[in-house]
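Novice:
Protein chains: 2
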Amino acid sequence: MTPLLDRLRDRGWRLTAQRRVIAEAMTGEHVHLTADEVLDRARVALPEVSLATVYNTLNELVALGELLELTHDDGRKRYDPNVTERHHHLVCVDCGRMLDVQADDPRLPTSQRHGFEVLGVEVTFRARCPDCTRAA
Amino acid sequence: MTPLLDRLRDRGWRLTAQRRVIAEAMTGEHVHLTADEVLDRARVALPEVSLATVYNTLNELVALGELLELTHDDGRKRYDPNVTERHHHLVCVDCGRMLDVQADDPRLPTSQRHGFEVLGVEVTFRARCPDCTRAA
DNA sequence: TTCGCATGTTAGAACGATTCCAAACTTGGA
DNA sequence: TCCAAGTTTGGAATCGTTCTAACATGCGAA
Numbered sequence: 088m089t090p091l092l093d094r095l096r097d098r099g100w101r102l103t104a105q106r107r108v109i110a111e112a113m114t115g116e117h118v119h120l121t122a123d124e125v126l127d128r129a130r131v132a133l134p135e136v137s138l139a140t141v142y143n144t145l146n147e148l149v150a151l152g153e154l155l156e157l158t159h160d161d162g163r164k165r166y167d168p169n170v171t172e173r174h175h176h177l178v179c180v181d182c183g184r185m186l187d188v189q190a191d192d193p194r195l196p197t198s199q200r201h202g203f204e205v206l207g208v209e210v211t212f213r214a215r216c217p218d219c220t221r222a223a
Numbered sequence: 088m089t090p091l092l093d094r095l096r097d098r099g100w101r102l103t104a105q106r107r108v109i110a111e112a113m114t115g116e117h118v119h120l121t122a123d124e125v126l127d128r129a130r131v132a133l134p135e136v137s138l139a140t141v142y143n144t145l146n147e148l149v150a151l152g153e154l155l156e157l158t159h160d161d162g163r164k165r166y167d168p169n170v171t172e173r174h175h176h177l178v179c180v181d182c183g184r185m186l187d188v189q190a191d192d193p194r195l196p197t198s199q200r201h202g203f204e205v206l207g208v209e210v211t212f213r214a215r216c217p218d219c220t221r222a223a
């Protein structure tokens, strides 16, 4: 059993076969799957899993802080199990492949480029505006 | 007539009333409108504009490099007319309000925080992976 | 061990953003 | 003025995601 499943059980999660295969699909390095990719992987182990359950489970894992939800330009969300290491992303503009990078510098060091030709950087600061701070 | 409309005509664009009001809706600082917000603004000047035309025009402007297309977490695309100044974004996680910032530093200087409480940073390196470089 | 029921799962309907379509309408050149 | 190419339009189609309501099941209590 992976540490993730342990943590989930500790939080009072019912350990169903579906949740198990979905959580297992979401382990590894540089994993940034879309919901149907997760479904594909999960179905290898348990063919009758439904897409609805994949979405339910992924959303719960995001709410628990066990997964990061990434918004890709193609409009599909991707899920990243790397929540312990602070990191950023290197994204191929053609095929959409994503890799995790540790760089904290908008000039990505060559050592972290994984052979990619870097075309640009986008930095998004997530914040709370004065109006919403006041309303909260 | 704005410089944008001049540039468009120089590129052989037909200057229709629709394109004019849509281009005009997309001028200003810190403008990051969604397609229906653009529609609302355009309809003030020309009530019969359709949403389809707004999408057509925005996509053409993006293809011409006159607009930046931003993918927001809420799943809606936003359009940014600031294509000349290299910049990044400060986004309110509650209301979605966006501001342009010049910072090139993942620790956003207080002078550029616009009173926002910064919660996190996301850096995305847009690149081309070795496989896609080879295929191109 | 079995039972009960709160929790999970499911297929399919609903939804919202965006794109596609084919018909009707303009624009600007001849 | 007329025409062809380029534009616009409403509505249908698509795609990812969420909702719904009926059905199934894990697991604590007896």
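Residue numbers (my numbering), protein chains in the order written: chain L, 88 to 223; chain R, 88 to 223.
We treat Cβ as the ideally placed atom computed from N, Cα and C, and that holds for glycine.
Can you name the start and end residues of the alpha helix (DSSP H) that R130(R) belongs to?
Specialist: Start and end: 122-132.
Novice: Helix, strand or coil for D181(L) per DSSP?
Specialist: It is coil, neither helix nor strand.
Novice: Looking at the C-beta of E147(L), does it have a partner C-beta in chain R at a distance below 7 Å?
Specialist: No, because no Cβ of chain R sits closer than 7 Å to the Cβ of E147(L).
Novice: List, in chain order, every chain L residue whose beta-carbon is nearer than 9 Å to that of G162(R).
Specialist: T158, G162, K164, listed in chain order.
Novice: Chain L partners of R213(R), CB-CB under 8 Å?
Specialist: The contacting residues are V178, V180, V205, L206, G207, V208, E209.
Novice: Which residues bound the alpha helix (DSSP H) around T220(L)?
Specialist: Segment 217-222, the alpha helix (DSSP H) holding T220(L).
Novice: Spell out the partners DSSP gives L155(L) in its beta bridges.
Specialist: In DSSP, L155(L) forms a bridge with D167(L).
Novice: Under 9 Å between beta-carbons, which chain R residues line up against R184(L)? List them in chain order, please.
Specialist: Result: C216, D218, C219.
Novice: Out of R128(R), L157(R), V205(R), point me to the one whose CA is closest to M113(R)'s CA.
Specialist: The candidate whose alpha carbon is nearest that of M113(R) is R128(R).
Novice: Which of the three DSSP states, helix, strand or coil, is assigned to R107(L)?
Specialist: In this structure, R107(L) counts as helix in the three-state DSSP scheme.
Novice: I'd like to know if the region 194-213 of chain R and the region 145-152 of chain R are in contact, where contact means that at least 3 CB-CB pairs between them fall below 8 Å.
Specialist: With a cut-off of 8 Å, the region 145-152 of chain R and the region 194-213 of chain R do not count as touching, because too few Cβ pairs lie within range.
Novice: Identify the residues that DSSP records as bridge partners of L186(R): which are they?
Specialist: L177(R).
Novice: Listing by chain order, which chain L residues have their CB less than 8 Å from the CB of G202(R)?
Specialist: The answer, in chain order, is C216, P217.
Novice: If you measure from the beta carbon of H119(R) to each beta carbon in chain L, is any gap under 7 Å?
Specialist: Chain L, which has no Cβ nearer than 7 Å to the Cβ of H119(R), makes this no.
Novice: For a contact defined as C-beta to C-beta under 8 Å, what are the partners of L195(R) on chain L?
Specialist: Near L195(R) (Cβ distances below 8 Å), the residues of chain L are F212.
Novice: Can you tell which of M185(R), W100(R), C182(R), H176(R) has the C-alpha that lies nearest to the C-alpha of D191(R)?
Specialist: Selected option, being the one with the closest Cα: H176(R).
Novice: Express the C-alpha separation of Y142(R) and C216(L) in angstroms, rounding to a whole number.
Specialist: The straight-line gap from Cα to Cα measures roughly 29 Å.
Novice: Check whether chain L comes within 7 Å of H174(R), counting only Cβ atoms and requiring the distance to be less than that.
Specialist: So, not an interface residue.
Novice: Distance check for L133(L) and C219(L), CA to CA, integer angstroms please.
Specialist: Computed Cα separation, rounded: 44 Å.
Novice: To which residues does DSSP link R213(R) through a beta bridge?
Specialist: BP columns for R213(R) point to V178(L), G207(L).
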